[in-house]
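The next block holds one structure in the form of structure tokens; read it before the comments.
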Amino acid sequence: MLNKDNRPTRPYLEQTGPVEARRPTFTGNRALQGEEPLLFEIGRTDMSGVDVDVPETSGSRLGQHRRRAPINLPALSEPEAMRHYVRLSQKNYAIDMGIYPLGSCTMKHNPRLTRRWRGSPASPTSTRCSRPQSCPARWS
Amino acid sequence: MLAAIGVGSVEELFSDVPEDKLLHAPLDLPRRKTELEVSRILRGLARKNHAAGDGPFFLGAGAYRHHVPASVDHIIQRSEFLTSYTPYQPEITQGTLQYLFEFQTQVANLTAMEVANASMYDGSTGTAEAVLMAHRVTRRRKAVISGGLHPQYRDVIATNSAMAGDSMVTLDPDPRGTEDILAAIDGETSCVVVQSPSFYGQLINLRPIAAKAQANGALLIAVFTEVVSLGLIEPPGAQGGRHRRRRGPGDRQCALVRRTLCRPLRHQGQVHPADARPALRRNGRRGGQARLCADPFNTGAAHPPRQGDLEHLHQFRASARWPSRRIMTLLGEHGLSRLAEANHARACQLADALAGVPGVEVLNECFFNEFTVRLPKPAAEVVEVLARQGIVAGLPVSRLEPTRPELADLLVVAATETATEGDIAWFVRALEEAL
């Protein structure tokens, strides 16, 4: 828990039972309701939203450096994570909703093409300044 | 205004810019092009590039190739999160403020530190900022720099120190982690900067360094460039934890997490203030915490943040786009531990395979997903030979330490979960031929 006194930061979390049931609606769906619990109130540390295969190996090279204490890093499944962040996003005002005339940082429209190309695997930013010189990254 | 600042002309104001770098005529930009034309041009240019996924890839040295779940791209492209600016107006950025709060808590838990910042420019400048902070906190001006620190991080600290007139004791490059850094710490030392896993991949025991630093009233600055390692190795906050109850500047430590938790390689090089994440361990005094937070991450706020005050988190805010933050949420403790295991397993496989190549010596006994090998010939030549076969073999140390011929045959190699057994076999076969 975030609170050192172990006090839940949402009143309904004081009730017992599964998290979904503790939410104030029957289905757990909160539609456009603005409240979104903290990740640490809804996530679990015993599951993961990403499948990872661990290859077989003989032995470890960690020496005495292996972690002993738990991390306390909760996870959400993929749909849970999507809903969490989409709900959070809906609490933000954004340039695509209207003008964002914020002082020195007034936002401009970025053509969506730049997004597509900046994310391309072969775009220069996907390569490394320390790559071999025979593997060029050109932008001109 | 020119007169007020004591210069005669605009040209004089910019006299630091070399003459041949100045623009003397308008930019020669081509005429406006349609989206289709631009797209066609960019596709042609992109074909010239060799991307990380185009073949076996063993380059790390500060930025590591990891698989990024598709949902992460989906989330970070939401325009409500695309804003890269400081959320100065809390009432219209509550979503950002909440995820920042969650992110800082994740980082604090991961590093076993008590306070985590939300954004610095990058790992190297963040490290240099931590050194400046240590100077302010200890009122001393001498930094001790481990030979295992990333050379570019070291260089950024050196730039700052030279400008500020601070002193800096830099130990020689230390591939095997055998340097005697304890001997360099004395009563004038402000901070000790140690990277673990080191630039060369070696895992470093921070406990004796933390103890010696504390005994001398100095701060330990623990740097790491691969966040995934914390899923498996002991965090820096736990390696000095025995002393946390005592008071005094030595109780405070600072750890720097670089931005590489599954941050897609394609996001590197962007000019957004990125997300190196200093985390702090304080000595239990509330005032101490506020000071530690506010000093290094000065974003122009008029007063230091108060604990638990969500609105004030906006002071720390610079970039809204944190793939790593979403990935931590998807992975969680279970997933991060498994991801770290997978990284370590692949690196062990690679080390065993390379050790079998005649003339190749693995230098590190303890490592996470990266280590250094000594080759029987200059590593830079070998890397170029392999690159022509589509294999990115790693970083020749000479690339970052060109003035040290004794390091010319060292190659830093990394294997993450993205490396396959086929990649390793291909790499080893090509290396045998190249040698």
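Protein sequence lines correspond, in order, to chains U and Z.
For what it's worth, the working numbering labels the leading residue of the first sequence as 1, then goes sequentially.
For what it's worth, the working numbering labels the leading residue of the second sequence as 141, then goes sequentially.
Virtual Cβ for every residue (Gly too), placed ideally from N, Cα, C.
Quiz item: Do you know how far the Cα of Val497 of chain Z is from the Cα of Leu471 of chain Z?
Solution: 36 Å
Practice problem: Kindly identify the DSSP beta-bridge partner or partners of Thr512 of chain Z. | Solution: In the DSSP assignment, Thr512 of chain Z is bridged to Z:Val552.
Quiz prompt | Pick from Z:Asp306, Z:Ala358, Z:His290 that is closest to Gly341 of chain Z, judged by C-alpha positions | solution = Z:His290
Quiz item: Would you report the Cα separation of Pro170 of chain Z and Val178 of chain Z, rounded to the nearest angstrom?
Solution: 11 Å
Self-check item: Local Cβ density within 10 Å of Phe329 of chain Z, reported as buried at 16 or more and exposed below that
Solution: It is worth fixing the name first, because residue 329 of chain Z is Thr in this sequence and not Phe. Burial call: buried.
Quiz item: According to a CB-to-CB cut-off of less than 9 Å, which residues of the stretch 468-500 of chain Z neighbour chain U?
Solution: If the cut-off is 9 Å between Cβ atoms, the stretch 468-500 of chain Z has Met468, Thr469, Leu470, Leu471, Gly472, Glu473, His474, Gly475, Leu476, Ser477, Arg478, Leu479, Ala480, Glu481, Ala482, His484, Ala485, Arg486, Ala487, Cys488, Gln489, Ala491, Asp492 near chain U.
Quiz prompt | 8 Å Cβ cut-off: residues of chain U touching Val178 of chain Z | solution = Leu113
Quiz prompt | Cβ-Cβ distance between Asp314 of chain Z and Gly287 of chain Z below 8 Å | solution = yes
Practice problem: Find the nearest neighbour of Leu39 of chain U within the set Z:Ala520, Z:Pro166, Z:Leu571, Z:Phe243, judged by alpha-carbon distance. | Solution: Measuring C-alpha to C-alpha distances from Leu39 of chain U to each of Z:Ala520, Z:Pro166, Z:Leu571, Z:Phe243 identifies Z:Phe243 as the nearest.
Quiz prompt | Contact set between Pro378 of chain Z and chain U, taken where Cβ atoms lie within less than 7 Å | solution = Rather than Pro, the amino acid found at residue 378 of chain Z in this sequence is Ala. In chain order: Ala69.
Quiz prompt | 8 Å Cβ cutoff, Lys108 of chain U in contact with chain Z | solution = It does not; no Cβ of chain Z falls within 8 Å.
Quiz item: By Cβ distance, which residues of its chain are closer than 7 Å to Asn356 of chain Z, with the 5 residues on each side in sequence left out?
Solution: Ile325, Asp326, Gly327, Thr329
Exercise. Check each candidate in Z:Gln379, Z:Gly371, Z:Glu572 and name the one with the smallest Cα separation from Ala362 of chain Z.
Key: Z:Gln379
Quiz item: Helix or strand or just coil, what does DSSP make of Leu240 of chain Z?
Solution: Leu240 of chain Z: helix per DSSP, three-state reduction.
Quiz item: Looking at the unbroken beta strand (DSSP E) that takes in Ile349 of chain Z, where does it start and where does it end?
Solution: Here Ile349 of chain Z belongs to no beta strand (DSSP E); instead the alpha helix (DSSP H) covers 347-355.
Self-check item: Beta-carbon separation (whole angstroms), Leu88 of chain U vs Gly43 of chain U, contact threshold 8 Å
Solution: Incorrect: roughly 14 Å between the Cβ atoms, too far for contact.
Quiz item: Just curious, the beta strand (DSSP E) that Ala520 of chain Z is in, first and last residue?
Solution: Segment 519-527 is the alpha helix (DSSP H) holding Ala520 of chain Z; no beta strand (DSSP E) there.
Quiz item: When the Cα of Arg279 of chain Z is compared with those of Z:Leu176, Z:Phe511, Z:Cys331, which residue comes out closest?
Solution: Z:Cys331
Exercise. Starting from Asn92 of chain U, follow its DSSP beta bridges and name the residues at the other end.
Key: According to DSSP, which records beta bridges pairwise, Asn92 of chain U is partnered with Z:Thr233.
Quiz item: In chain Z, what lies closer than 8 Å to Gly63 of chain U by C-beta?
Solution: Chain Z residues near Gly63 of chain U: Leu343, Glu505, Cys506.
Quiz item: alpha helix (DSSP H) containing Val568 of chain Z: first to last residue?
Solution: 561-574
Quiz item: Between which two residues does the beta strand (DSSP E) harbouring Val212 of chain Z extend?
Solution: From DSSP, Val212 of chain Z is part of no beta strand (DSSP E) but of the alpha helix (DSSP H) over 210-216.
Quiz prompt | CA-to-CA distance, Val157 of chain Z to Ala143 of chain Z, given in whole angstroms | solution = 20 Å
Practice problem: Could you check the C-alpha separation between Val411 of chain Z and Thr299 of chain Z for me, to the nearest Å? | Solution: Per-residue confidence for Val411 of chain Z stands at a pLDDT of 24, beneath the threshold of 50, marking its modelled position as unreliable; the derived number appears in the next sentence. Taking the straight line joining both Cα atoms gives about 20 Å.
Exercise. Count the other CB atoms, across all protein chains shown, that sit within 10 Å of the CB of Asp160 of chain Z; report buried if there are 16 or more and exposed otherwise.
Key: exposed
Quiz item: Straight-line CA distance for Thr560 of chain Z to Phe567 of chain Z?
Solution: Spanning the alpha carbons of Thr560 of chain Z and Phe567 of chain Z requires a straight line of approximately 11 Å.
Quiz item: Which whole-angstrom value is the C-beta distance of Asn509 of chain Z and Asn483 of chain Z, which I expect to be below 8 Å?
Solution: 4 Å
Self-check item: Exposure label - Val150 of chain Z; buried when at least 16 CB within 10 Å
Solution: exposed
Quiz item: Counting along the chain, where does the beta strand (DSSP E) carrying Thr309 of chain Z start and finish?
Solution: Rather than Thr, the amino acid found at residue 309 of chain Z in this sequence is Val. It spans 307-310 - the beta strand (DSSP E) in which Val309 of chain Z sits, taken as one unbroken run.
Quiz item: Is the stretch 188-204 of chain Z touching the stretch 523-531 of chain Z, taking contact as three or more C-beta pairs under 8 Å?
Solution: With a cut-off of 8 Å, the stretch 523-531 of chain Z and the stretch 188-204 of chain Z count as touching, because enough Cβ pairs lie within range.
Exercise. Measuring only between beta-carbons, confirm whether Gly235 of chain Z sits less than 8 Å from chain U.
Key: yes
Quiz prompt | Three-state secondary structure assigned by DSSP to Ala256 of chain Z | solution = strand
Self-check item: Contacting residues, own chain, Cβ-Cβ under 7 Å from Val502 of chain Z (five flanking each side not counted)
Solution: Ala491, Leu494, Ala495, Phe511, Val513
Quiz item: For the beta strand (DSSP E) that contains Asp364 of chain Z, what are its first and last residues?
Solution: Just to set this straight, residue 364 of chain Z is Phe in the shown sequence, not Asp. It spans 359-364 - the beta strand (DSSP E) in which Phe364 of chain Z sits, taken as one unbroken run.
Exercise. Say whether chain Z places a C-beta atom closer than 8 Å to the C-beta of Glu78 of chain U.
Key: yes
Practice problem: Tell me Lys114 of chain Z's beta-bridge partners as DSSP assigns them. | Solution: Chain Z is shown only over 141 to 575; residue 114 of chain Z falls outside these bounds and no answer can be derived.
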